[in-house]
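Before any comments, here is the structure.
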Amino acid sequence: MDSFESKKIIAVIVTYNRLELLGRCIKAVLGQKNVSCDVLIIDNGSTDGTADFIWNEYGGRREVLYINTGKNTGGTGGFYIGIREAVKRGYEYIWMMDDDVIPQETTLAMLFTADQRLNGRWGFLSSVAYWIDGNICRMNIQKKTIFRHIGSAAYQEELMPIKMCSFVSLLIKTSVVKEVGLPIREYFIWTDDYEYTGRISRLYPCYVIPGSQVCHSMQKNIKPNLAVDDKKRFGRYWYLYRNDVHCYRQYGIQGWVYIILKDMHAITNVLLHSKRDKILKIKIIIKGFLAGLKFFPDVEKWESD
Numbered sequence: 148m149d150s151f152e153s154k155k156i157i158a159v160i161v162t163y164n165r166l167e168l169l170g171r172c173i174k175a176v177l178g179q180k181n182v183s184c185d186v187l188i189i190d191n192g193s194t195d196g197t198a199d200f201i202w203n204e205y206g207g208r209r210e211v212l213y214i215n216t217g218k219n220t221g222g223t224g225g226f227y228i229g230i231r232e233a234v235k236r237g238y239e240y241i242w243m244m245d246d247d248v249i250p251q252e253t254t255l256a257m258l259f260t261a262d263q264r265l266n267g268r269w270g271f272l273s274s275v276a277y278w279i280d281g282n283i284c285r286m287n288i289q290k291k292t293i294f295r296h297i298g299s300a301a302y303q304e305e306l307m308p309i310k311m312c313s314f315v316s317l318l319i320k321t322s323v324v325k326e327v328g329l330p331i332r333e334y335f336i337w338t339d340d341y342e343y344t345g346r347i348s349r350l351y352p353c354y355v356i357p358g359s360q361v362c363h364s365m366q367k368n369i370k371p372n373l374a375v376d377d378k379k380r381f382g383r384y385w386y387l388y389r390n391d392v393h394c395y396r397q398y399g400i401q402g403w404v405y406i407i408l409k410d411m412h413a414i415t416n417v418l419l420h421s422k423r424d425k426i427l428k429i430k431i432i433i434k435g436f437l438a439g440l441k442f443f444p445d446v447e448k449w450e451s452d
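In the numbering used here, each residue's number is its place in the sequence shown (first place is 1) plus 147.
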C-alpha cells in the first residue's frame, strides 16, 4: 500500500468521562499504518482525571493537542470546537470520532486509498463501525438516502454512495468545511451528524468505505430507544426529537412526512413496549417536536481570523 505521509491530517476525538476508552482510542489513532496524523482531544469538562492522563502520557508530544472546554458542550459542541480548531491550525483533513471508537491499524489508510481511487472527488468518507462482538454497530449504519439505511450488500463493495452518517470515523476536508460551515453546536447531542453530513452530500458525492473499519465500544448494540431506555437518560431524548425536526424539514414535504411518521412510530413504540412512564415519554416526544417547530439555529460559516 502506498504511503500517505504527505497528507496534513488531524484526528478530532471528543471525550467526556470515559478515560479508559479514550486511552485505547488515542493509542489506536497514533498506531495507524502507512499514514500518520496528529490528534486533538476535545475534553467536555471530564472529572475522571482525563486532563492529568493526557498531560502525563502525552504532554511532551507535539502531535497530541488537548483542549478542555470547562463544561459539557455535548458531542456537537465538541466537534464544533474541534473542527474549528483544526481548520484554524491549517490541517487539510479532519478525521472525526468519539472516545469509544477503536480504529484498526489500517482504518485511516483505507480511507485515503478510496481518496486516490476517487481522485479526491468526494465530500466525506465514512468507515464501517462494528460492535465489540463483531456485528455491525446498529447506531452507526449509514443512510443511502435521507430516509433509508444501507443494506448488508453494501459491505461487500469497495465503496458505496451515501447521504448521511455518524461522526464515528468520518473523514472530511477543511476545504469543504470552509464551504458548508461548521456543525450546529446548538444541537448539543443527536442528529447533528446527520444534519452536517446531509449538508455536505447535497453538494458533493460521499461514500462509505467498507474496508475501513472501527470498533465502536458502546455498552449495548442498540439504537436510541426511549421506550426501553433508563430513566436517567430520558432528558436527552428531547434533543433528538427537536433536532430531527430541524434536520429533516430542510428536505421539504418528504422530510415533514418522515418526521411525523418517525414520531408516530416512537409514540406507538412507547405504548407497546414501555413498562412504565408512558405518559412522561410521550410528553418528551411531543415537547421535542413542538420545540423543533420554533428551532431556527444559524449555520456558522468559517471565517478566518
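Idealized CB from N, CA, C, for every residue including glycine. Everything numeric in this text was worked out from a predicted model, so none of it was measured.
C-beta atoms of residue i and residue j nearer than 8 Å
i	j	result
Q360	Y277	yes
N219	N181	no
E447	C394	no
L169	R231	no
R332	T260	no
D424	Y388	no
Y354	L306	yes
Whole-angstrom distance between residue j and residue i, CA atom to CA atom
i	j	result
V211	Y334	27 Å
Y238	N215	20 Å
I293	G345	8 Å
W337	F442	15 Å
M148	G207	Residue confidence is low: M148 scores 40 on pLDDT, short of 50, so the model does not pin down where it sits. No coordinate-derived value is stated.
Y405	D391	10 Å
I279	C172	14 Å
V275	L177	19 Å
G270	A175	25 Å
Q263	D199	39 Å
I283	R295	16 Å
P308	R268	12 Å
Option in the options with minimal Cα separation from residue i
i	options	result
K310	L350, R171 and L329	L350
F436	V446, L408 and D424	L408
N416	G402, G225 and L373	L373
A233	K428, P371, I432 and S322	S322
Q179	V375, N164 and A256	A256
K428	W385, E304 and D185	W385
Y213	I189, C184 and K235	I189
Environment of residue i [buried if 16+ CB atoms lie within 10 Å]
i	result
T162	buried
D445	exposed
P477	The structure shown has nothing for residue 477, since the chain only spans 148 to 452.
E167	exposed
V159	buried
G281	exposed
G221	buried
I157	buried
Y225	Before going further, note that residue 225 is Gly rather than Tyr in the sequence given. When all chains shown are included, G225 counts as buried.
Would the stretch 374-383 and the stretch 300-314 be scored as touching if the rule is three or more Cβ pairs under 8 Å? No, because fewer than three Cβ pairs between the stretch 374-383 and the stretch 300-314 fall closer than 8 Å, the two stretches do not touch.
Would the stretch 229-247 count as touching the stretch 306-324 if we require 3 or more Cβ pairs under 8 Å? The stretch 229-247 makes contact with the stretch 306-324; the number of CB pairs closer than 8 Å reaches 3 or more.
Under 8 Å: do the stretch 248-266 and the stretch 187-201 share three or more Cβ pairs, one atom per stretch? Of all C-beta pairs linking the stretch 248-266 to the stretch 187-201, fewer than three are shorter than 8 Å, placing the two stretches out of contact.
Would you call the stretch 281-296 in contact with the stretch 362-372, where contact means no fewer than 3 C-beta pairs closer than 8 Å? When Cβ pairs closer than 8 Å are counted between the two stretches, the stretch 281-296 is seen to touch the stretch 362-372, the count reaching three or more.
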